[in-house]
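Enquirer:
Numbering (my numbering), first residue to last: 68 to 185.
(1) Which residue marks the beginning of the beta strand (DSSP E) containing residue 117, and which one marks its end?
(2) May I have the straight-line CA-CA distance separating residue 118 from residue 92, to the nearest angstrom?
(3) Considering Cα atoms alone, identify which of 177, 161, 178 and 184 is closest to residue 99.
(4) Going by the DSSP bridge assignment, what does residue 163 pair with across the sheet?
(5) Looking at residue 80: is its Cβ nearer than 8 Å to the Cβ of residue 153?
(6) Using a Cβ-Cβ cutoff of less than 6 Å, which residues in the same chain neighbour residue 69 once the five nearest sequence positions on both sides are dropped?
(7) Just list the residues that DSSP pairs residue 86 with in beta bridges.
(8) Taking DSSP's pairing of strands, which residues face residue 70 in a bridge?
(9) Provide the residue(s) that pair with residue 76 in DSSP beta bridges, ordered along the chain.
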């Protein structure tokens, strides 16, 4: 199983970025997909997750600013990030799970850096 993330980059505060992650591999049909992030010196935290059925879970710090969505047919998950703040700066990791959980962590992709400058 592979999770390939893309879309990270640098943006000024208030700007937007869209992350994408495509899952592939033997029998890959993920019940849950989502995103974690880890900032320097901080613990990894769940940002957002969504089940195949559409249930979503967001960290309190991103509610109202980030939107997770999926294309189940393509095993792809997106994270639309708006009104970005410097504290959103982190490495973002795509995650997926075979279970319909709102905290997916079976599979991890490589990280993509998001940097928000003030």
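In this text, a Cβ means the ideal position worked out from N, Cα and C, and glycines have one as well. Everything numeric in this text was worked out from a predicted model, so none of it was measured.
Expert: With the structure as the only source:
(1) 112 to 118
(2) 19 Å
(3) 161
(4) 100 and 174
(5) yes
(6) 91 and 92
(7) 146
(8) 90
(9) 181
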